[in-house]
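K.L.:
Under our numbering, residues -16 to 341 are what the sequence shown spells out, in order.
Yeah, the Cβ is synthetic: ideal placement off N, Cα and C, and Gly gets one too.
Please read through the structure below; I'll follow up with questions.
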Amino acid sequence: MKSILENKEAYSKLDSENVLDLTVNYHQQFATGLRLAEEQFKPNELEKDIDKIVVFGTGGGSAASGYLLKSFLFDKCKLPVLVYQGYDVPEFIDEKTLIFVTSYSGNTEETLSAYQKALAKSPYCVIISTGGKISETARQNQHPVIEIPTGIAPRAALGYIVIPMLVVLEKLRLIPSVRNQIKETISLLKELSTQYAPDVPLEGNLAKQTAQKLHGKIPLVYGTLELMEAVAWRWKRQLGENSKALAFFNTIPMLHHDEIVGWDDSNPLTEHFAVIFVSDTADDEKIKKRTQITTEILADRAGEVINVSSRGESELARMFSLVYLGDFVSIYLPMLKNVDPSPVDFIVLFKQKMGQKV
């Protein structure tokens, strides 16, 4: 029987917000994010006596961007980078803390609360948002705002958030230049779009093939440290929001100190899991060996074992090559269940019950 992923009419019926078209053109978002940061952020808006970096943000767009930034900067920034998703602020935030306040809507309850509490602690705040109360508060406090385009789901706005943060850090001379890496990433995403797009048949489409393998199973994403930890976490979140699937993630080597024991032969649940190993081609040889051994151990225990590796030369390109694959997989997977990937009904319901603006 022909897969629904080969049915062009199914896409028009199930993709109510044209999320596939948006994903195919993902590379444009990175170019726009670069341009907006160049135009809207001036280094002299901030002093440079900074000794740590914190990202405020929650959800599939802002928090994911923060964790991707943190993973990417592991060997590029001498300052500690932390991501915070709560209402309050850590005690260590002070007058030497650079804070990125990221909220696509500009009204995220937790981020707005943390930002308001941080006003008395640090003068160095950079806001990345489409507007809302957070941008209004920023302008009242004369904090620089990088205003990004509206009209898409926050979880689909990574390029609008990650790239401006990198540009700001580069302009403040807190990291080496990443312009060539950004350019390569844009080029690679454009190339990969021709391989994962809806009109590419299942036989030659890795994203569709991976979605088929995950269908009917519980996804468990294992990412390798350091670069792929945030990528695996991104897969888990996208599988939750887009695919409406309960998904889980862990990292190599961390899982070898506890979770691996759960794969014991006596556990009848293991056959219901599909394990996706998200690996970097530049992983340390010991990490590669751990991944290979774990793959062999799980081959007869998991319902499905999938290995995906990064593409590209630079770290940024390699990172986003697998973010991109995961995004496509998370869109194709719900369509196999005749489900639209766009609505997030439970999030809307929860916000309504919390009295938040949706």
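Can you tell me the Cα-Cα spacing of F39 and D267, whole angstroms?
P.N.:
Along the sequence shown, one-based indexing puts residue 39 at 56. Along the sequence shown, one-based indexing puts residue 267 at 284. Whole-angstrom Cα-Cα distance: 31 Å.
K.L.:
Give the secondary structure of K25 by DSSP, where H, G and I count as helix, E and B as strand, and everything else as coil.
P.N.:
Residue 25 sits at position 42 when you count from the first residue of the sequence shown. Three-state DSSP puts K25 in coil, outside helix and strand.
K.L.:
Touch check for the stretch 183 to 192 and the stretch 244 to 256: three-plus C-beta pairs under 8 Å?
P.N.:
Segments in contact, no.
K.L.:
Which residues mark the beginning and the end of the alpha helix (DSSP H) in which V327 is found?
P.N.:
Looking up residue 327 in the sequence shown gives position 344. That residue, V327, is in no alpha helix (DSSP H); it is neither H nor E in DSSP.
K.L.:
Residues bridged to E130 by DSSP?
P.N.:
If you number the sequence shown from 1, residue 130 lands on position 147. E130 is bridged to S112.
K.L.:
Using C-beta distances below 6 Å, list every residue in its chain close to L29, excluding the 5 sequence neighbours before and after it, in chain order.
P.N.:
By one-based count along the sequence shown, residue 29 stands at place 46. So the list reads Y107, once near-sequence residues are dropped.
K.L.:
How far does the alpha helix (DSSP H) with I243 in it reach, from first residue to last?
P.N.:
Here the question's residue 243 lines up with position 260 in the sequence shown. From DSSP, I243 is part of no alpha helix (DSSP H); its letter is neither H nor E.
K.L.:
How is G209 classed by DSSP in three states: helix, strand or coil?
P.N.:
Along the sequence shown, read from residue 1 onward, the residue named residue 209 stands at position 226. Rather than Gly, the amino acid found at residue 209 in this sequence is Glu. If DSSP states are grouped into helix, strand and coil, E209 belongs with coil.
K.L.:
Should L316 and N233 be called a contact, given that it needs their Cβ atoms to be closer than 9 Å?
P.N.:
The residue you call residue 316 lines up with position 333 of the sequence shown. The residue you call residue 233 lines up with position 250 of the sequence shown. Not closer than 9 Å, so no.
K.L.:
If the criterion is Cβ atoms closer than 9 Å, does the pair I117 and T94 meet it?
P.N.:
Position 134 of the sequence shown, counting from 1, holds the residue named residue 117. Position 111 of the sequence shown, counting from 1, holds the residue named residue 94. Result yes, Cβ atoms of I117 and T94 sit closer than 9 Å.
K.L.:
Buried or exposed, going by whether 16 or more other CB atoms sit within 10 Å of the CB of K31?
P.N.:
Numbered from its first residue, the sequence shown carries residue 31 at position 48. Exposed, by the Cβ-count rule.
K.L.:
Within this structure, are the beta carbons of Y179 and F13 separated by less than 9 Å?
P.N.:
As a first step, residue 179 is located in the sequence shown; it is residue number 196 there, counting from the start. As a first step, residue 13 is located in the sequence shown; it is residue number 30 there, counting from the start. In this structure, F13 does not lie closer than 9 Å to Y179 by Cβ.
K.L.:
With a threshold of 6 Å on Cβ separation, who are the neighbours of V128 within its own chain once the five nearest residues in sequence on each side are excluded?
P.N.:
In the sequence shown, counting from the first residue as 1, residue 128 sits at position 145. Closer than 6 Å at Cβ, skipping near neighbours: I110, S118, A121.
K.L.:
Under a three-way DSSP split, which group does N(-10) fall into?
P.N.:
The sequence position of residue -10 within the sequence shown is 7, counting from 1. If DSSP states are grouped into helix, strand and coil, N(-10) belongs with coil.
K.L.:
What are the residues that DSSP puts in a beta bridge with Y67?
P.N.:
Taking the first residue of the sequence shown as position 1, residue 67 is located at position 84. Beta-bridge pairing links Y67 to F39.
K.L.:
Would you mind working out which of S112, D34, R294 sits nearest H126, comparing C-alpha positions?
P.N.:
Position 143 of the sequence shown, counted from the start, is the residue given in the question as residue 126. The shortest C-alpha separation from H126 is found at S112.
K.L.:
Between the Cα of A215 and those of Q221, G223, V258, G206, spot the shortest distance and give me the residue it belongs to.
P.N.:
Residue numbering aside, residue 215 sits at position 232 when the sequence shown is read from its first letter. The shortest Cα separation from A215 among Q221, G223, V258, G206 belongs to G206.
K.L.:
DSSP three-state call for N163: helix, strand or coil?
P.N.:
As a working note, residue 163 is residue 180 in the sequence shown. In the structure shown, N163 sits in a helix (DSSP, three-state: H, G or I).
K.L.:
Please name the residue, chosen from R156, F24, G114, that lies closest to K59 on a Cα-to-Cα basis.
P.N.:
Working through the sequence shown from its first residue, we reach residue 59 at position 76. Nearest C-alpha to K59: R156.
K.L.:
Apply the 10 Å Cβ neighbour rule to R220 and answer buried if 16 or more other Cβ atoms are within range, or exposed otherwise.
P.N.:
Position 237 of the sequence shown, counted from the start, is the residue given in the question as residue 220. So R220 ends up on the buried side.
K.L.:
Starting from A257, follow its DSSP beta bridges and name the residues at the other end.
P.N.:
Your numbering for residue 257 matches position 274 in the sequence shown. DSSP, once it has assigned bridges, lists P202, E287 as partnering A257.
K.L.:
To which residues does DSSP link N233 through a beta bridge?
P.N.:
For the purposes of this step, residue 233 is taken as residue 250 along the sequence shown, with counting starting at 1. Its beta-bridge partners are Y205.
K.L.:
Just the C-alpha distance for G134 and L102, rounded to the nearest angstrom, thanks.
P.N.:
Here the question's residue 134 lines up with position 151 in the sequence shown. Here the question's residue 102 lines up with position 119 in the sequence shown. Going from the Cα of G134 to the Cα of L102 covers about 29 Å.
K.L.:
Using C-beta distances below 6 Å, list every residue in its chain close to S293, excluding the 5 sequence neighbours before and after it, in chain order.
P.N.:
Translated into positions along the sequence shown, residue 293 becomes position 310. D263, T264, R301, S304, L305, listed in sequence order.
K.L.:
Under 7 Å Cβ to Cβ from G295, same chain only, skipping five residues before and after it: list those, please.
P.N.:
The sequence position of residue 295 within the sequence shown is 312, counting from 1. Cβ within range, chain order: E167, L171, R301, S304.
K.L.:
Three or more C-beta pairs closer than 8 Å, one from the stretch 321 to 334 and one from the stretch -6 to 3: is that the case here?
P.N.:
Yes, they touch.
K.L.:
Find the nearest neighbour of V291 within the set R284, T278, S297, judged by alpha-carbon distance.
P.N.:
Along the sequence shown, read from residue 1 onward, the residue named residue 291 stands at position 308. The candidate whose alpha carbon is nearest that of V291 is T278.
K.L.:
Are V331 and V258 close, meaning C-beta to C-beta below 9 Å?
P.N.:
Indexing the sequence shown from 1 puts residue 331 at position 348. Indexing the sequence shown from 1 puts residue 258 at position 275. No, the Cβ-Cβ distance between V331 and V258 is not below 9 Å.
K.L.:
Buried or exposed for M318, please, with buried defined as at least 16 other CB atoms from any protein chain shown within 10 angstroms of its CB.
P.N.:
Here residue 318 refers to the residue found at position 335 of the sequence shown. Flag for M318 reads buried.
K.L.:
If you count every other CB in all the chains shown that lies within 10 Å of the CB of G309, and 16 or more means buried, which is it?
P.N.:
As a first step, residue 309 must be located in the sequence shown, where it is residue number 326. Its Cβ being crowded by 16 or more others within 10 Å, G309 is buried.
K.L.:
Report all residues from its chain with a CB closer than 7 Å to the CB of L56; omit the five preceding and five following residues, and keep chain order.
P.N.:
Mapped onto the sequence shown, residue 56 falls at position 73. Within the same chain, L56 has close Cβ partners V64, I158.
K.L.:
Note down, in chain order, each residue of its chain lying with its Cβ closer than 7 Å to the Cβ of D77, except the 5 sequence neighbours on either side.
P.N.:
For the purposes of this step, residue 77 is taken as the residue at position 94 of the sequence shown. Correct list, in chain order: K104, S105.
K.L.:
Return the chain-ordered list of same chain residues with a C-beta closer than 6 Å to the C-beta of G16, the five sequence neighbours on each side being excluded.
P.N.:
Within the sequence shown, residue 16 is the residue found at index 33, counting from 1. Closer than 6 Å at Cβ, skipping near neighbours: G142, Y143, I146, P147.
K.L.:
Which parts of the stretch 271 to 321 are runs of the beta strand (DSSP E), unbroken and 3 residues or longer, counting only runs that do not cross its ends?
P.N.:
You should have 287 to 292.
K.L.:
With a CB to CB cut of under 8 Å and the five nearest residues on each side skipped, what residues in its chain are close to E254?
P.N.:
Residue 254 sits at position 271 when you count from the first residue of the sequence shown. The residues are R284, A285, G286.
K.L.:
Going by the beta-carbon positions, is the gap between A194 and L(-12) smaller than 9 Å?
P.N.:
By one-based count along the sequence shown, residue 194 stands at place 211. By one-based count along the sequence shown, residue -12 stands at place 5. Result yes, Cβ atoms of A194 and L(-12) sit closer than 9 Å.
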